[in-house]
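Comments concern the structure below.
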Amino acid sequence: MKSNSIQNRILHLQQLDMKQVLSPDEYQVKMKILKTKIRELTFLSKAKDRPILFVFEGWDAAGKGGSIRRLTQEIDPRLFEVHNISAPNAEEIQHHYLWRFWNRIPKKGHVGIFDRSYYGRVLVERVEGFATESEWSRAYEEILLFEEQLVSFGTIVIKFWLHIDPEEQLLRFETRKNDPLKRWKLTDEDWRNRDKWPLYEEAANQMFQKTDAPKSPWFLIPANDKYFARTTILETTVARLQEELK
2 MKSNSIQNRI LHLQQLDMKQ VLSPDEYQVK MKILKTKIRE LTFLSKAKDR PILFVFEGWD
62 AAGKGGSIRR LTQEIDPRLF EVHNISAPNA EEIQHHYLWR FWNRIPKKGH VGIFDRSYYG
122 RVLVERVEGF ATESEWSRAY EEILLFEEQL VSFGTIVIKF WLHIDPEEQL LRFETRKNDP
182 LKRWKLTDED WRNRDKWPLY EEAANQMFQK TDAPKSPWFL IPANDKYFAR TTILETTVAR
242 LQEELK
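For the sequence shown, the numbering used here gives the first residue as 2, with consecutive numbering after it.
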């Protein structure tokens, strides 16, 4: 099994090896060890007053929610908060787009998790025309400065993109459509976004190139196999936290 290591990161979606898999037995063994390390490291970050900010982006049905649940299973519930980001409400839309994220960043020793994030400005808002070209073009620098301020405060920033191929996405859409317990997850917007796959892929690749930074790096996760994706996310998290908290 290949590892999506910190030292050997890929920043273009078409360069990812999408055939990487993990057996159920390997998954159980790895997850038990990794969850223990996550628990210990988040307590250490608490002791050192270091906030941790996770950013999860990726395709619809790529497994962001499931990965977040596995990540947080062993974290003290008092220390983390998950923010599911959707379209801004009536109040938020009257402010700068980063305003609602400033209000959700984690305090010292705590963990904040964005399920989708401020990167929507250069993804969905760009592709769907909700932001003008001048707005989304300058957002790259605005986001870098935003993250630089977080890092200067002591925040550990960890950013993931979960990548699946169009065929896997279609399979997961069909599974949701045919499962009464999961049908609610599938919306007309999901199908419309799928029709614009090349535009979103172009926007994502440009986003990685323009917003990857030494202290706020992107990690692109091959997620056709959910077991491989979840363990890679936890392995990367452990490596990043060990690096920052040593």
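Quick reminder that beta carbons are idealized off the backbone N, C-alpha and C, glycines included.
List the whole-angstrom C-beta distance separating L163 from S68, where the pair is believed to meet the contact cut-off of C-beta under 8 angstroms. Within the sequence shown, residue 163 is the residue found at index 162, counting from 1. Within the sequence shown, residue 68 is the residue found at index 67, counting from 1. Going by Cβ atoms, the distance from L163 to S68 rounds to 7 angstroms, so yes, they are a contact pair.
Using only the alpha-carbon positions, how far apart do E126 and F161 sit? The sequence position of residue 126 within the sequence shown is 125, counting from 1. The sequence position of residue 161 within the sequence shown is 160, counting from 1. Each residue's alpha carbon lies about 19 angstroms from the other.
Taking the alpha-carbon positions, what's the Q207 to W100 distance? Numbered from 1 along the sequence shown, position 206 holds the residue referred to as residue 207. Numbered from 1 along the sequence shown, position 99 holds the residue referred to as residue 100. Q207 and W100: Cα-Cα distance of roughly 24 angstroms.
Measure the C-alpha to C-alpha separation of E41 and I159 and round it to an integer number of angstroms. Counting from one through the sequence shown, the residue named residue 41 turns up at place 40. Counting from one through the sequence shown, the residue named residue 159 turns up at place 158. About 17 angstroms.
Name the residue from L23, T212, P167 whose alpha carbon lies nearest to the alpha carbon of L12. Locating residue 12 in the sequence shown gives position 11, counting from the first residue. Minimum Cα distance to L12 is reached at T212.
Let me know the alpha helix (DSSP H) ranges lying completely inside the stretch 142–210, each 4 residues or longer, listed in chain order. Runs found: 167–179, 189–196.
Compute the distance between the beta-carbons of F174 and D191, then report whether it is under 8 angstroms. The residue given as residue 174 occupies position 173 in the sequence shown. The residue given as residue 191 occupies position 190 in the sequence shown. The answer is yes: Cβ separation under 8 angstroms.
With a threshold of 7 angstroms on Cβ separation, who are the neighbours of L35 within its own chain once the five nearest residues in sequence on each side are excluded? Along the sequence shown, one-based indexing puts residue 35 at 34. Excluding residues within five positions, the ones whose Cβ falls inside 7 angstroms are T232, L235, E236, V239.
Residue from G59, A214, H96, L17 whose Cα sits closest to the Cα of A204: In the sequence shown, residue 204 corresponds to position 203, counting from 1. Here the closest residue by C-alpha is G59.
Given Q150 as reference, the closest of W198, T176, G66, S217 once Cα atoms are compared: As a first step, residue 150 must be located in the sequence shown, where it is residue number 149. Closest in alpha carbon position to Q150, among W198, T176, G66, S217, is S217.
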